[in-house]
Each structure stands twice: as structure tokens, then as C-alpha cells.
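There are 2 protein chains.
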Amino acid sequence: MKKLYGIGTGPGDPDLLTLKAVRLIENADVIFALNNKGKNMALDTAKPFIKDQKIVFLDFPMGQTKTITYLKAMEKIDQTIGDNESGVFLTIGDPMIYSTFMNMINVKRYDHLSIECVPGIPAFLAGANAILKNVVEKGDRFLLVDDAEKMNLQDVDSVAILKTVKDLDMILDKLEENHFDYYYIQRVSFDDQLILTNREEILNQRHYMSLLLARKSKI
Amino acid sequence: MKKLYGIGTGPGDPDLLTLKAVRLIENADVIFALNNKGKNMALDTAKPFIKDQKIVFLDFPMGQTKTITYLKAMEKIDQTIGDNESGVFLTIGDPMIYSTFMNMINVKRYDHLSIECVPGIPAFLAGANAILKNVVEKGDRFLLVDDAEKMNLQDVDSVAILKTVKDLDMILDKLEENHFDYYYIQRVSFDDQLILTNREEILNQRHYMSLLLARKSKI
Chain A
-9 MKKLYGIGTG PGDPDLLTLK AVRLIENADV IFALNNKGKN MALDTAKPFI
41 KDQKIVFLDF PMGQTKTITY LKAMEKIDQT IGDNESGVFL TIGDPMIYST
91 FMNMINVKRY DHLSIECVPG IPAFLAGANA ILKNVVEKGD RFLLVDDAEK
141 MNLQDVDSVA ILKTVKDLDM ILDKLEENHF DYYYIQRVSF DDQLILTNRE
191 EILNQRHYMS LLLARKSKI
Chain B
-9 MKKLYGIGTG PGDPDLLTLK AVRLIENADV IFALNNKGKN MALDTAKPFI
41 KDQKIVFLDF PMGQTKTITY LKAMEKIDQT IGDNESGVFL TIGDPMIYST
91 FMNMINVKRY DHLSIECVPG IPAFLAGANA ILKNVVEKGD RFLLVDDAEK
141 MNLQDVDSVA ILKTVKDLDM ILDKLEENHF DYYYIQRVSF DDQLILTNRE
191 EILNQRHYMS LLLARKSKI
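Those protein sequence lines, which keep their order, are chains A and B.
Residue numbering for the first sequence follows this note's numbering, starting at -9 and increasing by one per position.
Residue numbering for the second sequence follows this note's numbering, starting at -9 and increasing by one per position.
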């Protein structure tokens, strides 16, 4: 049986990998990572624990990934992992939160592959810990979205908004209209982590690796 | 300066502690844990990494915890950590998700204590990884609640419900009315982890360490 692990590598700081993730990376025969022009944040995070394992990049072109892309990636994974070997697929944050890995394994059944996932620290949680603000306290309702247009803030107390770059103005408007206080958190857990609460300063950033954490004002 | 760390110990499996959590526990002068009749799950999780550090239990009686309780706990913490020493307060899951730690530090400012938190894997994420089901895929909205009465499922695609014991019948009714498929996950990440999808089987359990993960049916 071939073994494939989807590993959540967390927000970026190698120190936030779990012991289980580290052990599986160290013992893997092959390491798979998304190909972002030869760069990959999950791979950078895992680097301190990679020795001479084979590293294989998989292509998921942004905006052009279709069913056939996922099937081809799984074919490559299947061909690369030998019998009774194990491969780890590194994915930033947690595999169950907006991950390419799950899109890929959900396309088709793979009965001859044993697939298991290892949770990782999602960026929004690392962000909440960095600003020392509750995501939820007793009785609170928390919403997680990656598309602020579909977000309804009526019946929630706190929210995390990922992929904020595109509609940052609209998102901040919506948060203000609903009386939510917000924090903009960029490159959470890295040395150059940036936390902003001023609207103008936030609008001057618009960094790809950023998120918003917001909470209904207590007035 | 005294240093106090709130450490998320994750769902229970010591293997799901982060490297940072392990390092801070190993190097701490004092370890603080909630007193549940001398037992504590966060402490059990951290046990493999505790050597001869002093362990101090703090009392937060269920349903009787008031402002004075938090102030007394912080006083005890302050008295126990020596100058230039560090203490870790162990908390299950993540410190920003329904934690006593945050209730405690939010009561008053403690300028002579440096407080930092370390994220942990929340039980709902460990659960999603265990059943290999997305919490969110692109465009999805996820809701987290600990009180199902206040939960509005109209504008969300997936939900995690913690502390399900009390109103399990009502919660399952609500999920079914809104056409959500559900998984009941008990003691996630432990050897005796139990996953159920059958309503009657779920109602026969009602375990304190359980949660529900549910997702809008795709029909």
C-alpha cells in the first residue's frame, strides 16, 4: 500500500509545525509541493526537516486549474511514491481550510492509496494569538470566509476574512457599517509580521499574505 | 519581567503539539493548569514534556466562575512565577477559542507581566482532518458556535458546533431542517476516537468531549 499524507504546515514559522508533521516529513520518501515558479511557502516552512528526500513540484496554474489538472497531479504522485513508501503533500495552514490538496483528492477515488491528513495551525488562528484577541468567547459565533461579497455579518460576533487583496475597500466598508472593529494582519508568524488597525494604512498595503480579523464592537 | 505563556495544547494527542509549545513547556519554570478534580486534559497532553517543573492547579468552578475567580487565579500566577522566570498556562485546543485563559487575562491589565500566546490545533480542525472533509473550499463560509440556539445556518456552507451534549436533539433537528449532513466526533485524536453519522447512534452517546461538523448537502 502506498501512503499519502496531506500535511498542514501552519502559517509559515517552522516552530508552529506539529510534532506529527515533523516526524512524517522526516520519514517521508517523497515530498510534494505546489509549484509557484519554483517557490513554495509550505516547503520553506518544512525545510529545516528535509534532508535528502526527493522533492516533487506539482503544477496548479492559478485560475487555470481544472479537473484534468488534479487528475494529472494525482497520477504524478501515484507514479512517484513506490510500493510501501510514503509521500507527504505540504499545504500551508490546515488541509481542510481552502486547500488545493482536498480539491485534488476529491476528484476521484484512489483505493490503492491510503490517504491521511495532519492538521496545521491556520493563519487566522496564528493572527488571533498574535494580537491576543479572542476568536470566540463563550456564546460567540465566528465566521470564516474567503469571499467577502457572500459574507453576512448579521448573526455573528467575529469574523476572519482571507484573500482580502482584491476588494479591501468594500470589505472595510462592510465591517464599519456592521460596527466591527478590525485588525489587518500581514505575513503572520514571520519576522516581518505587520499588524494594522488604521484604514488608510491598511489600504496602502494590500499584501497577498494577509487577512482581516474583526469583532463586533462592544458598545 | 515575568513571562506568562498561554499555550494551546490541541485536541489531546501529544503528537499534535507544536514545536514551539513543546519548547516552552520544557523550558518553563512553572506549569499552570485548570483544576478539574485534580485532572486536566491539557496537562495530560503535555505530560511527555514535563520533567521536574512545578505544577500549579487553578480553580475555576464550573458555573461559579466570577470576576474575583479570575483575579485570584492571576494573583496566584503572579506570586508563583519568580522574577525573570516563565510560566505556561496549558489550555486545550487553541487559546483564542472559548478559553478560560483569555477570560482570565481580559479582566484586568497586568503591565508587569509579559503575556504571549501560542496557537494550538482546535478540536474541530482535528475532527475535519480525521474524517477527511473540507471545513471550507473556495467560496465557502464556515461558522463556529458553542451555543446552537443562536446559530443561523442561512448564509453558511459548513458549521462546527461545540458543547453539543445538552441540546443534541434540537441541534440535529436544526441541521436536518437546513439540509446539512453531519458527523458526530467524540474524543478526536485519542485512541478511542468515535465518529458517527447515524442520528440514533449519536443520541445514544452525548459525550462531553464531542463536537458536530456539518455541511450543506450538495443536491
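We put the beta carbon where it would ideally sit given N, CA and C, even for glycine.
Note that the structure is predicted; figures quoted are calculated from it, not measured.
Judging by CA-CA distance, which residue of A:D136, A:L193 and A:H169 is the nearest neighbour of E127 (chain B)? If we check each option's Cα against that of E127 (chain B), A:D136 comes out closest.
Locate the beta strand (DSSP E) running through F170 (chain B), then write down its first and last residues. Looking at the DSSP string, the run of the beta strand (DSSP E) that includes F170 (chain B) is F170 to Q176.
Reference I82 (chain A); option with closest CA among A:E191, A:D34 and A:V155: Nearest of A:E191, A:D34 and A:V155 to I82 (chain A), Cα basis: A:D34.
Any contact between the segment 25 to 43 of chain A and the segment 154 to 162 of chain A? By contact I mean 3 or more CB pairs, one from each, below 8 angstroms. no
Taking the beta carbon of G53 (chain B) as the centre, do at least 16 other beta carbons fall within 10 Å, making it buried, or is it exposed? exposed
For A116 (chain A), which residues in chain B fall below 8 angstroms Cβ to Cβ? P109
For the segment 134 to 155 of chain A, enumerate the residues whose C-beta is nearer than 8 angstroms to any C-beta of chain B, in chain order. From the segment 134 to 155 of chain A, only L134, V135, D136, D137, K140, M141, N142, Q144, D145 and V146 have a Cβ closer than 8 angstroms to chain B.
Taking only beta carbons into account, state which residues of the segment 64 to 93 of chain B come closer than 7 angstroms to chain A, listed in chain order. D84, P85, M86, I87, Y88, M92 and N93
From the beta carbon of G2 (chain B), is the nearest beta carbon of chain A less than 7 angstroms away? Proximity of G2 (chain B) to chain A, defined by a Cβ-Cβ separation below 7 angstroms, is not satisfied.
Local conformation of F91 (chain A) per DSSP, three classes: helix
C-beta contact flag for L(-6) (chain A) and G72 (chain A) at 7 angstroms: no
Start-to-end residues for the alpha helix (DSSP H) that takes in Y60 (chain A): Y60 (chain A) -> alpha helix (DSSP H) spans T57 to T70.
Residues that E167 (chain B) contacts on chain A, provided the C-beta gap is smaller than 9 angstroms: None at all; the shortest Cβ gap to chain A is about 16 angstroms.
Taking Cβ to Cβ, would you say A204 (chain A) is nearer than 7 angstroms to F170 (chain A)? yes
Considering Cα atoms alone, identify which of B:Q183, B:R189 and B:H197 is closest to K164 (chain B). In this structure, B:R189 is the residue among B:Q183, B:R189 and B:H197 with its C-alpha nearest to the C-alpha of K164 (chain B).
Contact set for L227 (chain A): own chain, Cβ-Cβ below 6 angstroms, skip 5 residues either direction: What the structure shows of chain A is the stretch from -9 to 209, and residue 227 (chain A) is not part of that stretch, so it cannot be assessed.
8 angstroms contact criterion, which Y174 (chain B) and Q195 (chain B) should meet: CB distance rounded: In this structure Y174 (chain B) is in contact with Q195 (chain B), their Cβ atoms being roughly 7 angstroms apart against a cut-off of 8 angstroms.
Within its chain, find whatever has a CB closer than 6 angstroms to the CB of T70 (chain B); leave out the 5 residues flanking it on each side and keep chain order. V20 and V46
Sufficient close CB pairs (3 or more, under 8 angstroms) joining the segment 100 to 118 of chain B to the segment 83 to 91 of chain B: yes
Express the C-alpha separation of L103 (chain A) and M160 (chain A) in angstroms, rounding to a whole number. 44 angstroms
Taking a contact to mean a Cβ-Cβ separation below 7 angstroms, would you say L6 (chain A) touches I111 (chain A) in this structure? yes
Check whether chain B comes within 7 angstroms of V20 (chain A), counting only Cβ atoms and requiring the distance to be less than that. Among the CB atoms of chain B, none fall inside 7 angstroms of the CB of V20 (chain A).
Member of A:S148, A:N124, A:L14 and A:N74 whose CA lies at the smallest distance from the CA of C211 (chain A): Since the displayed chain A opens at -9 and closes at 209, residue 211 (chain A) lies outside it and no answer follows.
Quick one: does G129 (chain A) have its CB under 7 angstroms from some CB of chain B? Under the Cβ criterion of 7 angstroms, G129 (chain A) is counted among the residues facing chain B.
Here's the rule: buried if 16 or more other CB atoms are within 10 angstroms of the residue's CB, otherwise exposed. What is M(-9) (chain A)? exposed
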